[in-house]
Every structure is written in C-alpha cells, then in structure tokens.
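J.: 288 is the number that my numbering gives to position 122 of the sequence shown; each next residue is one higher, with no gaps.
One structure, pasted below without further comment.
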Amino acid sequence: MKIVIPSIGLYNFKTKTNSPVRIIAVKDMNGEIIYVRKFSPAVYKFSINFPVGGCYDIMSDNNTDIYIVSTEPLYKPYLPSLPITNFDGNHCSGKIIERAGFDGSPASINLQCGHIVVNEKFLAMPKYAREFILAHEEGHMSHESEDDCDYYALKKIIDNGGNISPCLHALNNVLSRNVNNNIRIKKFIDTINKLT
Ligand SMILES: [Zn+2]
C-alpha cells in the first residue's frame, strides 16, 4: 500500500485489522527496497525511521492495511566510534567501479586509492543491502577486522537516520553459512541487542 511520509522522523505503524504482519518491506519512489524486517512472532505494530519524506510503498506478507499512529524524532541510539586500527588506508574515494564476475564477496575496497569495486551480485541487491555493504567497505579504510567494519557500517547507517533491522538482514544474506560467519552474525546481534 502507498503511504505518504510528510517529513523526516520515526513513524509508528499499526495494522488496521486483527491480522498481524511477519514481514515488512518498504520501497521508495524509485521502486528501490530501502527497508525490510522479519518479525517472529508476528506483530500488530512496528516503527520505521524515514530519513527522507516522500511517497513510499509498504508491503506486508498478508497485505493487511497499515496506518500511521504517531511520529517521533528519528530513533538514533548512540554508538561510540571505534578506535582506528588500520593506518594503511587513505580515504574512501566514494568512487564505485562496477566489474562483472569477480569471485567471492559482492564488493571490496582498494586501500591505496579508496575505490570500491562491486560485482553483478552487488548490483542486483536491494538498496538497503548495497548501502550496508558500501559502508562496511568504507570501514576497511580505518579498521581491519570484519566485526569492526560491520560495526562501522551499522553506526554510519544509524547516524544517517537509517534503520537497524535491515543492517542485520543485509549481513545475514551476504554471508555464507559457516562457523566463523555465524560467530560474526552473533556478535552483530549482540551489539544490536545492547542498543534496544
Ligand atoms: Zn570486510
């Protein structure tokens, strides 16, 4: 369903009927998925940060009607900056180079020039995942460990008025299932749980 978000802020929603929702996804005016969240158990109310006002499409798994109950200032829990541990990098150039077919992760950063190289897998991802991945790569300019870069990406997205749950969703869907990645996701969840 289409919904108008008049201005920046945290919007509290309710389902109009007695049917709870399990999955929420939000598309922006360009049709890009900017938010996704899975609830377990299903819920009758939820909240989403909108860093930009406009017309959005809110989709739920059961197509129930959803309406805005109230608005608040953006939810921005404080995350302290990590100490910088990697002195090899200069600055992220912000330049993104599309290169088809390289193996492994959907993106990587060249620490000398700060350019981020992405592949087709990256380009096919929803916007919220691309934003998280780019922020993670930027994190490698100042941090070495994957955990620290995940934290850096989470902090950047929160500081910019974004939402926490799509970050977890992005990380969950990028990483393959193995022991090390499971530990990495667990650490990320621990960080999020301390915030909420
Ligand atoms: Zn990394």
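Beta carbons: idealized from backbone N, C-alpha and C, even for Gly.
Mapping DSSP to helix, strand and coil, what is Tyr-318?
T.: helix
J.: May I have the straight-line CA-CA distance separating Met-291 from Asn-184, to the nearest angstrom?
T.: 33 angstroms
J.: For ligand 1, any of its heavy atoms closer than 8 angstroms to the Cβ of Cys-315?
T.: yes
J.: Note the first and the last residue of the continuous beta strand (DSSP E) segment covering Asn-178.
T.: Counting along the chain, the beta strand (DSSP E) containing Asn-178 begins and ends at 175-181.
J.: In whole angstroms, give me the CA-to-CA distance for Glu-297 and Lys-182.
T.: In this model, Glu-297 and Lys-182 are separated by some 31 angstroms (Cα to Cα).
J.: Would Ser-226 be called buried (16 or more neighbouring beta carbons within 10 Å of its own) or exposed?
T.: buried
J.: Can you tell me which of the three DSSP states Asn-236 falls into?
T.: Here the sequence assigns Ser to residue 236, which means Asn is not the residue at that position. Reduced to three states, the DSSP call for Ser-236 is strand.
J.: Thinking C-alpha only, which one of Lys-293, Thr-251, Asn-348, Asn-256 is nearest Ile-275?
T.: Asn-256
J.: Here's a check: name, in chain order, each residue in its chain whose Cβ is nearer than 7 angstroms to the Cβ of Cys-315, leaving out the five neighbours to either side.
T.: His-302, Gly-305, His-306, His-309
J.: Just to confirm, does His-143 get its C-beta within under 8 angstroms of one of the non-hydrogen atoms of ligand 1?
T.: Nothing about residue 143 can be read from this structure; the chain reaches only from 167 to 362.
J.: Report the rounded CA-to-CA distance for Phe-268 versus Val-283, giving the unit in angstroms.
T.: 9 angstroms
J.: Can you tell me whether Leu-361 is buried or exposed, with buried defined as 16 or more other CB within 10 angstroms of its CB?
T.: Under this definition Leu-361 is an exposed residue.
J.: Figure out for me which residue from Ala-295, Ile-234, Asn-344 has the closest Cα to the Cα of Leu-320.
T.: Ala-295
J.: Using a Cβ-Cβ cut-off of 7 angstroms (strictly less than) and excluding sequence neighbours within five positions of Ile-171, which residues of its own chain qualify?
T.: So the list reads Tyr-177, Phe-216, Gly-219, Gly-220, Tyr-222, once near-sequence residues are dropped.
J.: Count the other C-beta atoms from every protein chain shown that fall within 10 angstroms of the C-beta of Tyr-244, then say buried if there are 16 or more, exposed otherwise.
T.: exposed
J.: With contact counted as at least three CB pairs below 8 angstroms, one residue from each stretch, are the segment 200-209 and the segment 233-242 in contact?
T.: Cβ pair count under 8 angstroms is below three, so no.
J.: Looking only at its chain, what residues have a beta carbon closer than 6 angstroms to the beta carbon of Thr-251, apart from the 5 residues adjacent to it on each side?
T.: His-309, Glu-310
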